[in-house]
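Have a look at the structure below, then the notes.
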Amino acid sequence: MNIRSRLIILLWLSPFYYISASSADYRNDIGYTALQSELGASLPNGAGVRLSHVEAAADNPPTIYLPDPNNAQFLGKTITDKSGLSSGVYSGHATGVGAIFYGNSYSMTPGINLIDAYLADNWLGADYLRGMGDTRKPLISSSRVANHSWIGSTDNAATDADILRRVDWVVARDEFIQVVGVNNGVGANSPLLSSAYNVIAVGRSDGQHTTGSPSLDSTYTAGRVRPDIVAPMPTTSEATPVVASAAALLVNVGHNNPNLSTDLNTQSTTNRNGDVIYNAERSEVVKAALMAGADRQTNNTSSANIVDYRLDPANQTANGLDKRFGAGQINIFNSYHMLAAGEQNSAEDGGAAAGLINARGFDYDPHFGGAGGSNNTAQYKFSTPLGLSKLTAALVWNIKIAEGAGPAFSGAATLFDLDLLLYDISGGIPLLLADSSSSTENTENIWTSLAPNRNYLLEVVPGKSQVAFDGDYALAWNLTSVPIPAALPLLFSGLGGLFLVARRRNKTR
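If you count by my numbering, then the sequence shown holds residues 3 to 511, one letter each, in order.
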């Protein structure tokens, strides 16, 4: 049996479940309703952002993969069949996913009206990615965000790894954000597409999904953290477009507000489609904002809650996440406000007030690592207010995939190693409080409580064994106040030094 037909079978045998009609309105639980209430008519709705909706066949034959264009959720939208294999019968799965991704009343981005729809097998092959034996680069797309509520494998590790390299390349080269699901249930993940580094892999807030990554080769190794983030939905098919819609909303914000992108040297790039991509809408920035904005503890009405994030050492990962939930549950309120706070440069890159940052924000550093005149340390300073605070920070960078000469695709991969450190600098001598120091991931994350009225330093550095390089990264952070019970103020005033000493032993591992 050839690879192509085997892939079709696997995509059908390993589908996500159909959209449940009884799903509660998830938007209350992910901060969207609060953001809607705060912004009113100025709430971004995704207008102008083009999407790709990639679906596995719901039956074969006939080939059923398109959302129903006559559904009320899609009135006023143009859904283009890029695979050209429609049987005239529409997929209930695709219709449900599309409603959450770009629907008129059920998504967070109802303003989106241009959608390219693909059959997954064809998207992987001749219609876009040109995997499955083609040696040429992927085609050019005008989309900025793609949703993949399907899983699969070719049953050939080398072919799977080539597909993942191509996916990672289009994310980095074209800033084409790929939001992908993991499978429902328990057990090992399929390689496609959640084993790619540069994607945003999505699970469920109730934890009923597969985790980790399988081993394909020396680059796409076993045991990496999957998913990156979760959403409060009953299936991963539904959770994935929640995050994809949020990503599109953030792209909308970043693109329509160029003033948010303020790096002194590089404020934007241009992808192969000729689109100007500002720093605030880059793939790394959007992923960092989503991960740093995520809730590690939840109070849901539409799903089971996350109540034990990283409490069990067995669930703690070296890059500061929980292996079951990744960064936690998406919170678009937090992520939006980090982006809206604007880019804030490190001290080494000319940041205002020697790198002093606000309580929320992000930075995109286009040149880092010590090679080519780039800095190999990036420092961000901040102070806490009176009362306890909670810091959440996410450092994200893309794996580097060589594109090759001319039309040929190379696929040579380089994963740089970065670390994220947190110091208390109140006493003049930096005291390490927390660090995230994985050598196999492309995110580092810190989530920790901070003492009141103290000075802190977030620092990005290369990993201990990392040779000099010239790469880029995104950092997003969110500092929030934690209410203190009435009986505790005197306790904190008397035990401040003890609190500091204890925190020195708390590493994000």
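Beta carbons: idealized from backbone N, C-alpha and C, even for Gly.
Three-state secondary structure (DSSP) of alanine 407: coil
C-alpha gap between arginine 406 and serine 412, whole angstroms: The identity of residue 406 in the sequence shown is glycine, whereas the question assumes arginine. Near 4 Å, if we compare the C-alpha coordinates of serine 412 and glycine 406.
Beta carbon of valine 181 nearer than 8 Å to that of alanine 246: yes
Backbone CA spacing between serine 215 and glycine 430 [nearest angstrom]: 42 Å
Cutoff 8 Å; reference threonine 379; Cβ partners in own chain excluding five residues on either side: Glu350, Glu461, Val462 and Val463
Contact under 8 Å by Cβ, isoleucine 165 with leucine 121: no
Alanine 355 classed as buried or exposed, judged by whether at least 16 other C-beta atoms fall within 10 angstroms: exposed
Counterpart residues of aspartate 367 in DSSP-defined beta bridges: Tyr475
Contacting residues, own chain, Cβ-Cβ under 8 Å from asparagine 455 (five flanking each side not counted): Ser385, Thr386, Pro387 and Leu388
Element boundaries [alpha helix (DSSP H), containing threonine 161]: 159 to 176
Reduced DSSP category for glutamine 38 - H, G, I as helix; E, B as strand; rest coil: helix
Threonine 237 vs asparagine 186 beta-carbon contact at 8 Å: yes
Cα-Cα separation between tryptophan 125 and serine 85, rounded to whole angstroms: 8 Å
Straight-line gap, alanine 415 to serine 220 (C-alpha atoms, nearest Å): 10 Å
Exposed unless 16 or more other CB atoms sit within 10 angstroms - verdict on lysine 466: exposed
Identity of the residues DSSP links to histidine 211 by a beta bridge: Asn186
Close beta carbons around glutamate 345, own chain, < 8 Å, minus the five adjacent residues each side: Leu262, Ser263, Thr264, Asp265, Asn281, Ala282, Gly363, Phe364, Asp365 and Tyr366
Collapsed DSSP secondary structure at glutamate 345 in the structure displayed: strand
Heavy atom of the ligand ADP within 7 Å of threonine 386 beta-carbon: The model on display carries no ligand, and the ligand ADP is accordingly not part of it.
For glycine 94, the three-state DSSP class (helix, strand or coil): helix
Where tryptophan 449 sits in the DSSP three-state scheme: strand
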